[in-house]
Structure formats: structure tokens, C-alpha cells
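Colleague: Okay, here's the structure, questions in a sec.
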Amino acid sequence: MCPQLEAPVEVSRSRSPYASAPRLPQGEGLDLRQVLGISPPGDRDGAPPGDRDGAPPGDSDGAPPGGHDAALASGLELEIGPGRGSFLLERLAIGPEVRIVGLEIRLKWASLVDQRLHELGLAERGRVFAEDIRQALPRFATGSLSRVFVHFPDPWWKKKHAKRRLANGAVVTEIARLLRSGGELFIQTDVWETAEAYREAVEAHPAFEPLGDAPGSALVVDNPYGARSPRERRVMANDLPVTRLRYRRRAVADLDPQDRVA
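Residues in the sequence shown are numbered from 1 upward in steps of one, following the numbering used here.
Shown next, in the form of C-alpha cells:
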């Protein structure tokens, strides 16, 4: 379950055995290059593409076939609250064009999953950072994301915890800013009330349009991304219902001037 907004990530950091959990690079306006450390072609020691240790063009720095331009064109995906990292790892297994990062508030899982990505040689395409999305999302560049995934977020039932819910206007507005035109927002949950809260929050924002199975609906029956979170597998194994919502970021040109956020 995605526990984002649970508590500030700095709490007890100094006392945690995972105090050195990876953090986002310093600065603002972060994009794929900064977050994954992808150097522009020719930037390493002044060498042009294909002239680094005998590597052919597109094979250096972990870039997919087609080189850095292809990596940048495929965009950066974001998973909010990746937990143990199953979805993120399965997304990376789909193909070398996938670039994805996770923002995880729990130091332990941010550390362990990011370490595993390094051990598997995937750290140039995927990372997990110990961050609270309230502070982290504003640091990403406008239009820097191609997809955002939210899997089984904590419903935070009590009214006093309402501010911790991800389904609020401020978070949705920030996601709208970060998604490129045509980018996708995918949400799934086994709590109907949570699904309704997300549907209302997202559909109240003019930048999003439904991208579900039926015209005008955001509902999708199946997960179309070739990867599943552990919670999704458990819920499906128990034959429990899952509500899945998918939205597309409208092009700025299609919005009324007062509704343009990017």
C-alpha cells in the first residue's frame, strides 16, 4: 500500500539504520538527465557518442537502442510509494526504453529497493529516492514525466488525517504540471471510497481527460502496463475487486487560457 504523506521523511532519520537512504539530486527543475544521471552525448571527457571505451553509439551510459535521444523521448515514469519495488522492477523488465523512478517515504524500502536496482545493473534506468512527495514533486521540471502511477494508496479513514491523502487538489495540480501533453496518470485501489475520491479530484482538474475502456470513462478493467504491485497480486489472488482509473494529460493548446498550468 502506498503510504505517501504519512509523515515527514526526516523523522528519526539520524537514528535509522537507513539514514543514508538515497535522495533526489540537489536543485530545482529536475528532469530525466539529472534524476538518472544521464549525461548528454559527448559530455563525458569530451568524447563523442560511440567513442567511450569502444562502445557503439547508443550503448553507453545505459542508454537504450537509439541512444540518449531515444531515452529522453521515451520520458520518465514516476511511481508514488513503490514499497518493495515489484511494480518498478517489472516495468524495467519490459524493455530498455523504460525509465522510472520511485518516491518512497519509508527509508528502509527506499534504501533496499534502490540497492537492488544497483545490484541488478538497472540504476541508470531506475532509482528509488527517500522523499515526501509534498516536497519532492515541486522540484521536478514542468512536463518532465510521461506517466505517474499510484497503487493502492492508504485511504486515511480518519478526518484528522484527511490532509495526508493523495487525492487532493494540490497533489493533482502538481501531477498535471509534471506530466507532458499526452502523459498518463494511472490509479488503482481496492477501496471504493478511495477510488471515488481520486476520480472526483482528478476529474475536477481541467488538464485531465478520461482514458478508460469506454469513451468518457476513466475505468479500466485490466492493468495495461505489464507490471503489478505486491498488493495488486494479493488482492487478485483473493478474488477481490480492484478499481483502476486512467487519465491522459490534455495538450496545453486544448485548454482554455485560464486552465493552462504548463
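Where is the CB? At the ideal position from N, CA and C, for every residue including glycine.
Select from Arg23, Phe87, Gly126 the residue whose C-alpha is nearest the C-alpha of Pro96.
Modeller: Selected option, being the one with the closest Cα: Gly126.
Colleague: Within the same chain, show all residues whose beta-carbon is closer than 7 Å to that of Leu92, passing over the 5 residues directly before and after it, in chain order.
Modeller: Val98, Ile100, Leu122, Arg125, Gly126
Colleague: Based on Cα-Cα distance, which residue from Pro138, Leu179, Gln188, Leu117 lies nearest to Arg246?
Modeller: Gln188
Colleague: Hey, is the stretch 215 to 235 in contact with the stretch 104 to 117, meaning 3+ C-beta pairs nearer than 8 Å?
Modeller: no
Colleague: Please state whether DSSP places Arg180 in a helix, a strand or coil.
Modeller: Three-state result, Arg180: strand.
Colleague: Considering only residues of the same chain and omitting the five flanking positions on each side of Arg244, which have a CB-CB separation below 6 Å?
Modeller: Gln188, Val220
Colleague: For Ser20, does the three-state DSSP call read helix, strand or coil?
Modeller: The answer is coil: DSSP assigns Ser20 none of H, G, I, E or B.
Colleague: Is the distance from the Cβ of Ile80 to the Cβ of Val150 below 7 Å?
Modeller: yes
Colleague: Determine contact between the stretch 233 to 242 and the stretch 164 to 179, defined as no fewer than three beta-carbon pairs at a distance below 8 Å.
Modeller: With the cut-off at 8 Å, the stretch 233 to 242 and the stretch 164 to 179 do not touch.
Colleague: By the 10 Å Cβ neighbour count, where 16 or more other Cβ atoms means buried, how is Ala136 classified, buried or exposed?
Modeller: Buried, since its Cβ has 16 or more Cβ neighbours within 10 Å.
Colleague: Which value, in whole angstroms, describes the spacing of the CA atoms of Gly29 and Glu174?
Modeller: 13 Å
Colleague: According to DSSP, is Ala204 part of a helix, a strand, or is it coil?
Modeller: coil
Colleague: Between Pro215 and Val128, how many whole angstroms is the CB-CB distance? I'm expecting something under 8 Å.
Modeller: Contact flag wrong, Cβ pair sits at about 36 Å.
Colleague: Give every residue of the same chain whose Cβ lies closer than 8 Å to the Cβ of Gly212, excluding the five residues on either side of it in the sequence, and list them in chain order.
Modeller: Ala218, Leu219, Val220, Leu245, Arg246
Colleague: Does the distance from the CB of Ala195 to the CB of Phe87 come in under 7 Å?
Modeller: The answer is no: Cβ separation not under 7 Å.
Colleague: Please return the same chain residues whose Cβ sits closer than 7 Å to the Cβ of Pro210, not counting the five positions on each side in sequence.
Modeller: Gly216, Ser217, Ala218, Tyr247
Colleague: Since I believe Leu145 is in contact with Gly183 (beta carbons under 8 Å), could you give me their beta-carbon distance rounded to a whole number of angstroms?
Modeller: 6 Å
Colleague: Here's a check: name, in chain order, each residue in its chain whose Cβ is nearer than 8 Å to the Cβ of Arg250, leaving out the five neighbours to either side.
Modeller: Ser181, Pro206, Ala207, Phe208, Glu209
Colleague: Could you please give the first and the last residue of the uninterrupted alpha helix (DSSP H) stretch that includes Glu90?
Modeller: 86 to 94
Colleague: Applying the criterion that 16 or more other CB atoms from any shown protein chain within 10 Å of the CB defines a buried residue, is Ala204 buried or exposed?
Modeller: exposed
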